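Undergrad:
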Amino acid sequence: MPRITRLLIANRGEIARRITRTAREMGIATVAVYADADAAAPFVRDADEAVALWGNTSAETYLDAAKLLEAARRAGADAVHPGYGFLAESAEFARAVIGAGLIWVGPRPEAIAAMGDKLSAKKLMTEARVPTLPAVEVTGGTAAEICEQGRPVGYPLLVKAAGGGGGKGMRVVGNEAALAEAVAGARREAAAAFGNDTVFLERYLQGARHVEVQVMGDRHGNVVHCFERECSIQRRHQKIIEEAPSPAVDAALGLRLGEAAVAAARAIGYDNAGTVEFLLDKRRKFHFLEMNTRLQVEHPVTEEVTGLDLVREQIRVAEGDPLSFGQEDLRLNGHAIEARVYAEDPAHDFLPATGRLVAWEPDPALPARFESGVESGSDVSVHFDPLLAKVIVHAPTRTEAALRLANVLERLRVHGVTTNRDFLVNVLRHDAFLAGDTSTDFIERHNPPRERHVGAEEVRAAALAVALGAQQAHRAEARVLKTPPSGWRNNPSVMQEVRCVHRGEEVIARYLRHRDGGFTYEIDGQVGRARIIRSGDGRIELEIDGVQRAFSVVSDGLRHWVQSAAGEVRLVETPRFPEPEREEVAGGYAAPMPGKVVVVNVEPGRRVSAGEVLIILEAMKMEHLITCTQDGTVQQVRVTAGAQVEAGQILLVVDTGESKT
Amino acid sequence: MERWQTRIDTDSEGFQANREAMAALLQEIEVQLELARAGGGERSVARHRQRGKLLVRERIELLLDPDSPFLELSPLAGYCTNYTVGGGLVTGIGVVSGVECIIAANDPTVLGGAITPVSMKKTDRALEISRLNRLPYVQFVESAGADLRRGEDSAEAEMQRQLGHFAESGRFFHDITALSAARIPTVSLVFGSSTAGGAYQPGMSDYNIFIRGRSKVFLGGPPLVKMATGEDSSDEELGGAEMHATMSGLADYLAEDELDALRITRSVIAHLNWRKLGPGPTLPADEPLYPTEELLGLLPVDLRTPIDIREVIARVVDGSRFEEFKPLYGRTLVTGWASVHGFPVGILGNNGVLFSEESQKATQFIQLCNQIDVPIIFLQNITGYMVGKVYEQGGIVKDGSKMINAVSNSTVPHLTVIIGASYGAGNYGMGGRAYDTRFVFTWPTAKIAVMGPKQLAGVMSIVRRGSAAAAGRPFDEEEDARITAAVEDRSEKESLALYATGRVADDGIIDPRDTRTVLGIALSACHNAEVKGAEGYGVFRM
């Protein structure tokens, strides 16, 4: 039997690290590939060897089959794991890998192809007697034709792309009037994303749940299911919270789902890890949506409740081994929930965010499974998926899992880039979520707050932590008089002060150290006593009015992130010496002193060259020449002869062509 | 080094009583400090704020490095005079951009920042401290000029008029430029008017920061110009910040507002390439073993009960470590080695009146400190040199002179804390203010006088009795008792720490608990200059 000794991972980020981890446990060497921006990424460092793909965009790198195969050849890899996304569901790439004499860690290319087109997949499933929602391919070009095709489906309906998923090319349409426009948009998006503008219409089931079944097959004809997952919590048609098992599925329904999924997999001779996705409607009837012929993003929740290592099974099966377990060996153990932490702004329609992660640090006191591709200092760029990490918690019950995951997320230090973290916490703690009342329109229906509620007292405590922490740092960095007490005065009058802004509101923390080492603080009119109990390594433990709290403060210049048990508070410090207000005009000529304009030599539009006298000013009984310093064109003349001007007043503006953007 | 074992019982009645008495003194001082902070009073402060200006202490706070210590000097100057406590000038030592500076700042809410005898004394002392310790000199100028009021008819004002003369004043401008000549940078930040003679304050400075629309610096204002030459002119034309920045060149930096001026000043200090010439702290700066709080209960207010000065030392020096020198010889003077905030020091502390042995021991110890370039701390609680036949015949004058000679010609920094009595020549021998002492601080319990009030009154009574007898006049016992009581009372009042501090005879009264901190700041300031002992003969064995 061929054994894999050197595995090339044709992916990046968290999933590359995930695969590397299992490969290492199995004694298999790993080869990473990377785009230019990923050269120093953790997933590259984790691998035994890494090969550059020379490029920035996905198309130039992780989607370039030829480069990937060349990398495999150079590194002497004998197998390729595609991860998810990129080329994971490209039958063509799978064939090329196999054609190059390498092992493809995934299903047969034929099985990938069979499920690749959503429309034909549906037909296949109907034949295999898997319940499906009727779908109508949109063939019409005119609005009338399209509307005609939509009539039998009924409203509301979904416009979907045949060529792909991930929410791209997908539209919910409430009535006929909006259909033609939606179809046109979906076609454009689908063409751009998948190179295939075929779209179809499908009945939109309101209040339905997204339930999917993990299947696993081998080359010996075994296919088993590993129970269901529910992934109803979605924004922009993309999952953000997934769990196993589904709160809506009991043993009997679970059995029927499992059987349907196995039937679907068998129908295409499936021989690796895959996921069969269903919609579960309000009447607990399920309908086949599509099958993902790869490892799924949310596979860890299944691993947690079954104890399986799905990547290990994938590799073993690809080597030709039979599955290491049978259907009867699988038991559900407890409940697992995964939350996807994205660099995005929930307050602005979840638009992707970018920037440098000033800090990425899970709280070691709250263990959880972190599948992340980033670390402190990582850059989140526009080129790739903004997924920062998946955080998975496994607990005896669903409620415990949800609440613990909320805690873990809340205490995660993620600073520098806007994320959906607070939003995830608000969902996990939402009564409806805890009640298991989940559906794909959960977010629209319940509209959980996009931001964390931060109370005034919490802001005060955070400002105090920043101020007292900075105070300690100042003392530690002092070049002289390092050891006398902080801010010592023999005639104290003005308190030490740190000014910050929290969500647009100013917070001024004032403090005064006492002989006993404690502090009096005054913030927003609140006066109290505080003491530093312990500090170091960015942590500071304060006793504020008799209550002890620990804070971690991460600062990047004037930006501060304060993390406590209550969550994160972000403060922006106001500089001690703000820029003075003065009119600064590019190319502007200011009066050097108060005086009277005597002569104006130029008018707007006039070309002027350096050395030319523009204006003559009389001040202190003397004439002062305002001379051109750089060639350009006069843009504005703001004064006329005889005008009295103030010092610093802009007299005229010359466009030198440099200020153009 | 040995760690002192305390013999103080903090639960004893005496300790508790001392502590209560000290608390009352501190309370009295706090009342005066509050007056000093209030400056020219509510109305004047409100008017100042209305003009969008910062108060003098707010300006200083913004100039200082955040959370760094600031030692205000002579905050109660002017106490018990007709002038506002503090004298309308704030002086002190603070850290600006990592550099210890002397800051001398006009408080324009007090008489418009006018120069008074009190503020002049504080200025002179600030300049002296700057010169002796090589500290950059930063002045905040906003002053109405000399206080021209002549209306006071107190005895003191009359004496000022009789003894003061215009030609004698103005030394101040000389001293500013002398600092510069000694390569001690001088910086003027002109917040407002600095006219007539005041114009020479920035005139004599190395760096001038003016504020647009605020600074006004000219020799003569519009009325004087009109009177002198008939010319019509405006404030801005004669001395505006813009004019000086663009035309006269008197301003080196033109700030947009007060904050901008303070920012620029910090930047100027940052570029000075300042290097301290002293070795800086070299030893561990651990806290004393005994709480500094206990310093409040050591000293009896009437100063009659003797205290062991080692108990004070143990609550001031690093780790309460004190290596005593000659402990068995001349026991009423304790000498030895220790460190304060990491700075090695030699300490001389009184445990009673000075005899010949003590004077000789002090002379030797001071020479030893000079030989190893170690600063000296004097802890004064001294009623003087011993008098009497035996002692005069034993040469107390010669021995006392040796000690005063050693103190006078010693070149290592001297720092003095007067904790109790400071009478007569004892004040001189123990590093008094007149002996180029770098810093002199007093505890609220201090009493400074030529001799004890009772002794003074008694001596004068004896003299009166003697002269009456010589003239053959009858001696009025009743009248004598009245005079004696009055003399003792006035002498007692004038010997109090507050009285001395009001006349800038020290650098300020300190809370005993701050002794260690104040000495640490002062020592660090001293280390800006070279710390070097006197050379010449070897150490004389006494």
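One line per chain: the protein sequences are G and R, in this order. Residues 1 to 661 (the working numbering) make up the first sequence, in order. Residues 662 to 1203 (the working numbering) make up the second sequence, in order. Note that the Cβ used here is the ideal one computed from N, Cα and C, for glycine as well. These figures come from a predicted structure and were not determined experimentally.
Spatial neighbours of V317 of chain G within its chain, please: CB distance less than 6 Å, with the 5 preceding and 5 following residues excluded, ordered by chain position.
TA: Here the set comprises D218 and N272.
Undergrad: Taking the C-alpha atoms as reference points, what is the distance between G632 of chain G and V851 of chain R?
TA: Using only the alpha carbons, I get a separation of about 39 Å.
Undergrad: Please compile the residues from chain G whose C-beta is within a distance smaller than 7 Å of the C-beta of F731 of chain R.
TA: What F731 of chain R touches in chain G: R489.
Undergrad: Determine the closest residue to I392 of chain G out of G:A244, G:F551 and G:V51, with distance taken between C-alpha atoms.
TA: Of the candidates G:A244, G:F551 and G:V51, the one whose C-alpha sits nearest the C-alpha of I392 of chain G is G:A244.
Undergrad: So which residues of chain R does T627 of chain G contact, with C-beta pairs closer than 8 Å?
TA: Result: empty, since nearest Cβ-Cβ is about 15 Å, beyond 8 Å.
Undergrad: Under 9 Å between C-beta atoms, does T661 of chain G make it to chain R?
TA: Unreliable positioning characterises T661 of chain G in this predicted model, as indicated by a pLDDT of 35, which lies under 50. The coordinate reading is nonetheless provided below. No, because no Cβ of chain R sits closer than 9 Å to the Cβ of T661 of chain G.
Undergrad: Any heavy atom of the ligand FAD inside 8 Å of the beta-carbon of I532 of chain G?
TA: In the structure shown, the ligand FAD is absent, as is every other ligand, since no ligand is present at all.
Undergrad: Of all the CB atoms in chain G, is at least one closer than 9 Å to the CB of V978 of chain R?
TA: No - not a single Cβ of chain G is within 9 Å of the one on V978 of chain R.
Undergrad: Mind listing, in chain order, the continuous beta strand (DSSP E) runs of no fewer than 3 residues lying wholly within the stretch 439 to 509 of chain G?
TA: Whole beta strand (DSSP E) segments, 3+ residues: 496 to 502.
Undergrad: What is the DSSP secondary structure of M622 of chain G, reduced to helix, strand or coil?
TA: Three-state result, M622 of chain G: strand.
Undergrad: Determine the burial state of H905 of chain R: buried for a count of at least 16 other Cβ atoms within 10 Å of its Cβ, exposed for fewer.
TA: That one is buried.
Undergrad: Label S659 of chain G either buried or exposed according to how many other C-beta atoms from any shown protein chain fall within 10 Å of its C-beta, with 16 as the threshold for buried.
TA: Because S659 of chain G sits at a pLDDT of 42, beneath the cut-off of 50, its placement in the model cannot be relied upon, and the point is left open.
Undergrad: In the DSSP assignment, find the alpha helix (DSSP H) that holds K1108 of chain R and state where it starts and stops.
TA: That residue, K1108 of chain R, is in no alpha helix (DSSP H); its beta strand (DSSP E) goes K1108 to A1110.
Undergrad: Would you mind stating whether L253 of chain G and R229 of chain G have Cβ atoms separated by less than 9 Å?
TA: Not a contact, by the Cβ cut-off of 9 Å.
Undergrad: Hey, G642 of chain G and A619 of chain G: beta-carbon distance below 9 Å or not?
TA: No; because the gap between Cβ atoms is not below 9 Å, this pair is not in contact.
Undergrad: So, under 8 Å CB-CB, G806 of chain R and T856 of chain R are touching, yes? Tell me the CB distance rounded to an integer number of Å.
TA: Their Cβ separation, rounded to whole angstroms, is 6 Å, which keeps G806 of chain R and T856 of chain R in contact under 8 Å.
Undergrad: Among residues of its own chain, excluding the 5 on either side of T661 of chain G, which ones have a beta-carbon nearer than 8 Å to its beta-carbon?
TA: With a pLDDT of 35 at T661 of chain G, under the threshold of 50, the modelled position of this residue cannot be trusted; read the value that follows with caution. If we look at T661 of chain G and ignore the five residues flanking it on each side, it has no Cβ neighbours.
Undergrad: Going by DSSP, what residue range makes up the alpha helix (DSSP H) through L1040 of chain R?
TA: Note, L1040 of chain R: premise wrong, no alpha helix (DSSP H); beta strand (DSSP E) at I1037 to I1043.
Undergrad: Beta-carbon within less than 6 Å of F1039 of chain R's beta-carbon, same chain only, minus the 5 sequence neighbours each way: which residues are those?
TA: Hits under 6 Å: L1009, T1077, M1091 and G1092.
Undergrad: Tell me whether the stretch 680 to 698 of chain R and the stretch 964 to 981 of chain R touch, counting them as touching only if at least three CB pairs, one residue from each stretch, are closer than 8 Å.
TA: As far as the Cβ criterion goes, the stretch 680 to 698 of chain R does not touch the stretch 964 to 981 of chain R, which means the pair count is below three.
Undergrad: Taking the continuous alpha helix (DSSP H) assigned at D1150 of chain R, which residues delimit it?
TA: Per DSSP, D1150 of chain R belongs to the alpha helix (DSSP H) from E1138 to S1156.
Undergrad: Based on the DSSP output, what are the partners of R638 of chain G in its beta bridges?
TA: Answer is none; R638 of chain G lacks a bridge partner.
Undergrad: List the residues of chain R whose Cβ lies closer than 8 Å to the Cβ of H474 of chain G, in chain order.
TA: Going along chain R in sequence order, the residues near H474 of chain G (Cβ under 8 Å) are D726, P727, D728 and S729.
Undergrad: State yes or no: is the beta carbon of G1003 of chain R nearer than 9 Å to at least one beta carbon in chain G?
TA: It does; some Cβ of chain G falls within 9 Å.
Undergrad: Roughly how many angstroms lie between the CA atoms of C1187 of chain R and A912 of chain R, to the nearest whole one?
TA: Rounded to whole angstroms, C1187 of chain R to A912 of chain R spans 31 Å at the Cα level.
Undergrad: In this structure, what does DSSP give as the bridge partners for C741 of chain R?
TA: Beta-bridge pairing links C741 of chain R to no other residue.
Undergrad: CB-CB under 8 Å to I146 of chain G, same chain, minus the five flanking residues each way: which ones, in chain order?
TA: Within the same chain, I146 of chain G has close Cβ partners V138, G140, L179, A180 and V183.
Undergrad: Strictly below 7 Å CB to CB, what residues from chain C border S486 of chain G?
TA: Looking at the structure shown, chain C is missing, and the protein chains on hand are G and R.
Undergrad: Below 8 Å on the Cβ atoms is my guess for I615 of chain G versus N420 of chain G; work out the distance and round it to an integer in Å.
TA: Actually they do not touch by this definition, with Cβ atoms about 56 Å apart.
Undergrad: Can you list the residues of chain R that R515 of chain G reaches, using a CB-CB cut of under 7 Å?
TA: Those within 7 Å of R515 of chain G in chain R are R1174.
Undergrad: In three-state DSSP terms, what is S564 of chain G?
TA: In this structure, S564 of chain G counts as strand in the three-state DSSP scheme.
Undergrad: Quick check: the Cα distance between A59 of chain G and A37 of chain G, rounded to an integer number of angstroms?
TA: Approximately 14 Å, taken between the alpha carbons.
Undergrad: Classify E892 of chain R as helix, strand or coil using the three-state DSSP reduction.
TA: Here E892 of chain R sits in coil by DSSP.
Undergrad: Would you mind stating whether F637 of chain R and I1170 of chain R have Cβ atoms separated by less than 9 Å?
TA: In the structure as shown, chain R begins at 662 and stops at 1203. Residue 637 of chain R is therefore absent and cannot be evaluated.
Undergrad: State yes or no: is the beta carbon of M683 of chain R nearer than 9 Å to at least one beta carbon in chain G?
TA: Closer than 9 Å: no.
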